[in-house]
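J.: Below is one structure. I have some questions about it.
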Amino acid sequence: MAAYQLAVAGLKVLVLEAGRSYDPVRETPMFKLPREAPLRGAGSREKPFGFYDATVDGGWEVPGEPYTNAPGTDFRWWRARMMGGRTNHWGRISLRMGEYDFKPKTRDGLGADWPLSYQDLAPYYDKTEMLIGVYGGDDDLENTPRSSPGVLQPPPAPRPVEMLVKKHATPLGIPVIPAHLAIMTQRQDANRLPRLLHPGNALAQRVLRQSMLQRQACFYATPCGWGCSIKANFQSTTVLLPPALATGNVDIVPNAMVREVTVGKDGLATGVNYIDKNTRQDRHVKARVVVLAASAAETARILLNSKSTQNPQGVSNSSGLVGKYLMDTVGAGLGGQIPLLENLPPYNNDGASGMHVYIPWWLYKEQIGGKLDFARGYHVEFGGGRGMPGNGSFNFLENQTEGAYGKAYKEAARRYYGSFVWFDGRGEMIPNEDSFCEIDPEVVDQWGIPVLRFHWKWSDHELKQAVHMQKTFAEIITAMGGKVNGTVQTDGSRAIARGGQIIHEVGTCRMGEDPRTSVLNPYCQSWDVKNLFVTDGAPFVSNADKNPTLSILALAWRTTDYILDQMQKREVG
Amino acid sequence: MEENSKLRQPGGREPELQQPSDREPEGQGAAVGDGTVEAPVGLVRRDALKAMAAVASLPILSGLPLADAEAQTAPAAKAGAPASLQPPRAAGGPRGDAWDPDLLRPKKDWPRKLTTSEMATLAALADMIIPADDKSPSASAVGAHHYINEYVSAPGDGSARDLVRVRGGVSWLNLESQQRFGKRFTQLTVAQKTAICDDICYVPKAKQEHKAGARFFSLVRNLVATGFYTTDAGMKDVGYVGNVALPKWDPPSPAVLKALGLE
Ligand SMILES: Cc1cc2nc3c(=O)[nH]c(=O)nc-3n(C[C@H](O)[C@H](O)[C@H](O)COP(=O)(O)OP(=O)(O)OC[C@H]3O[C@@H](n4cnc5c(N)ncnc54)[C@H](O)[C@@H]3O)c2cc1C
Ligand code: SF4
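As structure tokens, then:
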């Protein structure tokens with residue numbers, strides 16, 4: 001986002017990318033079948049989310065680039081070493097943070113407030129949604145803000161399972177509303193939007209128009225997680241980088257592993273040092289302004305590794321807070337089998353890959369009224385029904401039928417296929433002192449760069465929240481006349497996913513009003529180094545239940561506006 | 574970790590609709606992966622090397638003359654090492670290894686480990702698990718047993734462990750057949766095969782002396798089901814109707830709504 005915004009504003013931008021270049025238009029296996037892939041597309045150590053997943057040189061491990069866990073910590077860190085990073089295969093769920101989410105401490109006394117309010121970011125949410133293309137409804141529930149009129153694309157109609165959940169969850173007081181996903185259900189208005197988004201900027205309008213004309217609407221087939229060669233959903237590589245490059249202002253160097261930010265005697269950043277992975281040589285680039293967006297933890301790693309006599313604790317770390325207040329999303333899930341869904345007439349369940357509807361957090365009143373034993377909410381992602389058969393799709397039949405084989409097995413397959421639902425809670429974690437990353441004093445990666453060591457602890461709030469999630473899912477499954485698979489946990493530590501497992505890590509360079517208690521100012525500018533900015537999830541002060549990427553993008557746009565303003569005023573650069 | 578991987582399984586068939594016009598024909602992907610550095614479509618600027626990468630860290634270079642910036646960033650050119658000593662790593666495109674496979678032309682060409690006779694036993698067992706009926710053919714007719722061979726022969730610890738389980742299981746099955754009926758499994762009547770399968774079809778209910786056989790049966794049943802239901806015949810059997818490009822997304826049909834009590 002930052003590269004795009006700065007380039008259309010006329011600045012020369014150099015992008016350093018640790019991974020290889022990647023072109024979804026040519027590399028995405030659209031309409032490939034599981035049976036064409038090794039082991040019917042099963043996940044593996046090298047491709048944890050399945051053979052076709054659009055993650056290159058990454059996953060829970062990156063070859064040659066380890067990280068470590070402190071004793072007692074089991075943090076998992078998902079990385080993708082490729083152009084466009086994890087946006088090539090993310091879930092595209094794009095929920096806005098609401099008013100409460102920016103001021104959590106004011107509301108319940110826990111965690112910390114953001115130095116901005118929802119109103120500050122709302123215009124950027126609107127613009128970002130128009131730029132990338134997001135479908136959604138215009139429900140306006142508590143702390144679940146709607147977009148301005150005309151911003152969102154229409155959501156696709158719900159699938160049968162989604163309608164069934166809605167029918168049975170509504171009487172329980174649980175709302176089911178259209179989800180917001182960065183997927184286009186219609187083509188963008190290439191004449192209107194560029195003018196609206198970049199008024200008075202002919203270059204921006206030209207390249208954006210051209211880019212929007214290249215994008216098709218979703219055709220409701222093929223999994224988004226493999227990438228989208230028709231550019232119907234949001235990936236940096238299909239939506240932001242093409243117009244950025246079309247300005248002629250951007251150069252991208254792949255296989256360039258940034259090691260540290262260099263700082264001059266005047267305390268300003270002079271550029272960065274990176275390892276050229278092809279030659280294994282260390283190189284330096286000069287820059288007037290440095291923007292870090294290597295993903296939250298990696299950005300902290302770069303700053304902490306930028307040690308010198310001048311900055312013995314790393315760059316931008318006078319507060320000592322770089323790496324601190326690492327957060328992920330709270331996750332817990334449960335599935336069930338629903339007799340009503342058995343033996344249905346065949347129907348197409350594909351749709352826009354991700355969910356069409358979801359459950360936003362609904363117990364704000366109960367929570368503030370002290371009726372729940374944990375703070376902060378969660379939303380629910382759910383689905384089920386007749387997915388395309390893949391590796392292991394029918395393994396459930398063995399237990400379901402207590403060992404059927406032969407004709408009975410085939411009949412059971414027909415009967416039970418598509419009769420399962422699943423629910424996944426995605427909840428807010430309150431930042432705590434015990435969850436952080438730091439430089440491991442002993443381990444370096446294959447480039448000689450010291451690696452991160454993680455420390456992790458959930459508080460009671462998160463553990464109790466995970467239990468509440470499972471209880472709620474069991475209630476809905478039962479209300480649908482179904483049977484829960486597995487056990488509903490009453491012990492939070494059994495219900496909750498591991499730290500990092502939901503892949504929403506944020507918060508390692510938090511922003512704030514006070515340089516002593518934050519790393520960045522409200523514009524994601526380093527307090528210590530005026531020409532250093534961060535535009536990934538690192539500046540997050542809290543991690544609302546809303547998935548972070550839309551907010552990362554909106555914040556990045558706001559930050560670049562500020563950079564441009566500061567450069568004009570000759571404050572930086 | 575999120576939603577879509579669970580909501581739908583991977584896969585696809587050629588779209589019935591016309592491909593959008595700016596999409597590249599499949600065949601052109603063939604240019605990728607042969608080690609040449611190519612500028613990807615839609616991202617071309619001046620040359621391929623610079624054309625690709627992610628928003629990582631981006632110093633703004635407006636202070637530098639461009640030539641300078643290029644000199645700083647052109648990788649191999651200035652490095653000085655002879656080309657032959659440099660690692661063969663192109664700027665773009667898949668390298669065809671396990672971390673970065675060519676997704677458009679997947680390979681599963683590792684040597685198969687099971688013998689013809691083991692395969693014959695597995696085919697017979699596969700057809701006990703998924704026999705032909707009036708809706709679809711049997712598992713072996715669509716090659717589900719070949720998938721078992723692909724699986725147990727694959728590189729990796731899991732496959733190595735399951736190779737032992739499948740091999741041992743096949744031998745166990747034939748020994749059991751010999752002991753009970755004096756013949757190999759493939760030579761038994763359906764009633765005789767059924768008698769054995771009944772004893773091993775569910776681990777929790779199997780007798781102690783049949784547990785090993787039951788664990789083998791369980792593994793084979795799951796592999797056969799994957800092998801069978803991922804074929805066209807299998808997908809059709811259960812009535813999977815997706816993975817076709819649609820111009821718009823419609824609400825469920827009246828028949829489905831009625832069945833769900835949603836009209
Ligand atoms: C399976 C999955 C599903 C997800 N679903 C959702 C979702 O539905 N909604 C949502 O909001 N979020 C989702 N996310 C999270 C989302 O992907 C991330 O929030 C988002 O991609 C973060 O963007 P980023 O730019 O900070 O980091 P990344 O996308 O990780 O990009 C970082 C980039 O920097 C490069 N880089 C790293 N280190 C260096 C270095 N030292 N030098 C140079 N370059 C470097 C990397 O190669 C990469 O290209 C999901 C993630 C995964 C994996
Ligand atoms: S479901 Fe739609 S947006 Fe997702 S990959 Fe397929 S066509 Fe693209």
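Line order of the protein sequences matches chains A and B.
Counting in the working numbering, the first sequence runs without a single skipped number right up to 573 at its last residue.
Counting in the working numbering, the second sequence runs without a single skipped number right up to 836 at its last residue.
Positions of the beta carbon are idealized from the N, C-alpha and C atoms, including for glycine.
Tell me which residues of the segment 796 to 817 of chain B have at least one Cβ-Cβ distance to chain A shorter than 8 Å, keeping chain order.
T.: Per Cβ criterion, the list reads 798, 799, 800, 802, 803, 804, 807, 808, 810, 811, 812, 813, 814, 815, 816, 817.
J.: Closer than 7 Å: is that where the CB of residue 278 of chain A sits relative to any heavy atom of ligand 1?
T.: No, Cβ of residue 278 of chain A sits at least 7 Å from all heavy atoms of ligand 1.
J.: What are the residues that DSSP puts in a beta bridge with residue 379 of chain A?
T.: DSSP output for residue 379 of chain A lists A:426 as bridge partner(s).
J.: Which residues in the same chain as residue 39 of chain A place their Cβ atom closer than 8 Å to its Cβ, once the five residues preceding and following it in sequence are excluded?
T.: Closer than 8 Å at Cβ, skipping near neighbours: 51, 391.
J.: Using three-state DSSP, classify residue 276 of chain A as helix, strand or coil.
T.: Looking at residue 276 of chain A - three-state DSSP - the assignment turns out to be strand.
J.: Whole alpha helix (DSSP H) runs in the segment 792 to 826 of chain B with 4 or more residues, listed along the chain?
T.: Segments of the alpha helix (DSSP H) lying fully in the segment 792 to 826 of chain B: 805 to 811.
J.: What residues in its chain sit with their C-beta under 7 Å from that of residue 9 of chain A, if we drop five residues either side in the sequence?
T.: Only 564 meet the Cβ criterion.
J.: Between the segment 16 to 40 of chain A and chain B, which residues of the former have a C-beta closer than 7 Å to a C-beta of the latter?
T.: Those residues of the segment 16 to 40 of chain A that come within reach of chain B (Cβ to Cβ, closer than 7 Å) are 16, 17, 18, 19, 20, 21, 22, 23, 25, 26, 27, 29, 30, 31, 32, 33, 34, 35, 36, 37, 38, 39, 40.
J.: State the beta-bridge partners of residue 673 of chain B as determined by DSSP.
T.: Residue 673 of chain B is bridged to B:670.
J.: Just the C-alpha distance for residue 456 of chain A and residue 375 of chain A, rounded to the nearest angstrom, thanks.
T.: Cα to Cα, residue 456 of chain A sits roughly 19 Å from residue 375 of chain A.
J.: Whose Cβ in chain A lies nearer than 8 Å to the Cβ of residue 749 of chain B?
T.: Within 8 Å Cβ-Cβ: nothing; residue 749 of chain B doesn't reach chain A, min ~16 Å.
J.: Going along the segment 476 to 502 of chain A in order, which residues come within less than 8 Å of chain B, judged by CB to CB distance?
T.: Cβ contacts with chain B: 497, 501, 502.
J.: Quick check on the burial criterion: 16 or more other C-beta atoms within 10 angstroms. Buried or exposed for residue 762 of chain B?
T.: So residue 762 of chain B counts as exposed.
J.: Would you grab the beta carbon distance between residue 227 of chain A and residue 42 of chain A for me? Rounded to a whole angstrom, and I think it's under 8 Å.
T.: Going by Cβ atoms, the distance from residue 227 of chain A to residue 42 of chain A rounds to 19 Å, so no, they are not a contact pair.
J.: Given 8 Å as the limit, is there contact between the segment 493 to 509 of chain A and the segment 327 to 343 of chain A, that is, 3 or more CB pairs closer than that?
T.: With the cut-off at 8 Å, the segment 493 to 509 of chain A and the segment 327 to 343 of chain A touch.
J.: Can you give me the start and stop residues for the alpha helix (DSSP H) that residue 771 of chain B sits inside?
T.: 763 to 773 is the extent of the alpha helix (DSSP H) around residue 771 of chain B.
J.: In angstroms, rounded to a whole number, what distance separates the CA positions of residue 260 of chain A and residue 558 of chain A?
T.: Near 25 Å, if we compare the C-alpha coordinates of residue 558 of chain A and residue 260 of chain A.
J.: Out of A:162, A:141, A:134, point me to the one whose CA is closest to residue 150 of chain A's CA.
T.: Checking every option, the nearest Cα to that of residue 150 of chain A belongs to A:134.
J.: For residue 402 of chain A, count neighbouring C-beta atoms within 10 Å of its own C-beta (all shown protein chains included) and say buried if the count is 16 or more, exposed if not.
T.: Classification for residue 402 of chain A: exposed.
J.: Apart from the five residues on each side of it in sequence, which residues of its chain come closer than 7 Å, Cβ to Cβ, to residue 811 of chain B?
T.: Correct list, in chain order: 802.
J.: Closest to residue 550 of chain A by CA distance: which of A:235, A:31, A:516 is it?
T.: Closest option to residue 550 of chain A, Cα to Cα, is A:235.
J.: Answer yes or no: does any C-beta atom of chain B fall closer than 8 Å to that of residue 469 of chain A?
T.: Chain B, which has no Cβ nearer than 8 Å to the Cβ of residue 469 of chain A, makes this no.
J.: Identify each residue in the segment 397 to 410 of chain A for which the Cβ-Cβ distance to at least one residue of chain B is less than 8 Å, and report them in chain order.
T.: Those would be 397, 398, 402, 403, 404, 405, 406, 407, 409, 410, in chain order.
J.: Does residue 305 of chain A come out as helix, strand or coil in the three-state DSSP assignment?
T.: If DSSP states are grouped into helix, strand and coil, residue 305 of chain A belongs with the helices.
J.: Determine, using beta carbons only, whether residue 256 of chain A and residue 7 of chain A come nearer to each other than 8 Å.
T.: No, the pair does not count as a contact, with Cβ atoms beyond the cut-off.
J.: Residues of chain A with a CB under 9 Å from the CB of residue 707 of chain B: which are they?
T.: Residues of chain A passing the Cβ test: none, with the nearest at roughly 10 Å.
J.: For residue 162 of chain A, count neighbouring C-beta atoms within 10 Å of its own C-beta (all shown protein chains included) and say buried if the count is 16 or more, exposed if not.
T.: Residue 162 of chain A comes out buried.
J.: Using a Cβ cut-off of 9 Å, pull out every chain B residue sitting near residue 340 of chain A, in sequence order please.
T.: Result: 832, 833, 834.
J.: Out of A:568, A:366, A:103, A:287, state which residue places its alpha-carbon closest to the alpha-carbon of residue 16 of chain A.
T.: Out of A:568, A:366, A:103, A:287, A:287 has the C-alpha closest to the C-alpha of residue 16 of chain A.
J.: Would you verify that the beta carbon of residue 824 of chain B is, or is not, closer than 8 Å to some beta carbon of chain A?
T.: By this cut-off, residue 824 of chain B is an interface position.
J.: Between the segment 826 to 836 of chain B and the segment 160 to 176 of chain A, are three or more C-beta pairs nearer than 8 Å?
T.: Flag = yes, the segment 826 to 836 of chain B and the segment 160 to 176 of chain A touch.
J.: From this set, A:79, A:73, A:293, which residue's C-alpha is nearest residue 63 of chain A's C-alpha?
T.: It is A:79.
J.: Assuming the contact rule is C-beta atoms closer than 8 Å, residue 341 of chain A and residue 385 of chain A should be a hit. Round their C-beta distance to whole Å, please.
T.: 7 Å between Cβ atoms; contact.
J.: Keeping to the same chain, check which residues put their C-beta closer than 8 Å to that of residue 792 of chain B; ignore five residues upstream and five downstream.
T.: Same-chain partners within the cutoff: 735, 738, 739, 742.
J.: Work out the CA separation of residue 697 of chain B and residue 87 of chain A for me, nearest whole Å.
T.: Distance between the alpha carbons of residue 87 of chain A and residue 697 of chain B is about 46 Å.
J.: Between the segment 465 to 482 of chain A and the segment 414 to 431 of chain A, can you find at least three pairs of beta-carbon atoms closer than 8 Å?
T.: As far as the Cβ criterion goes, the segment 414 to 431 of chain A touches the segment 465 to 482 of chain A, which means the pair count is three or higher.
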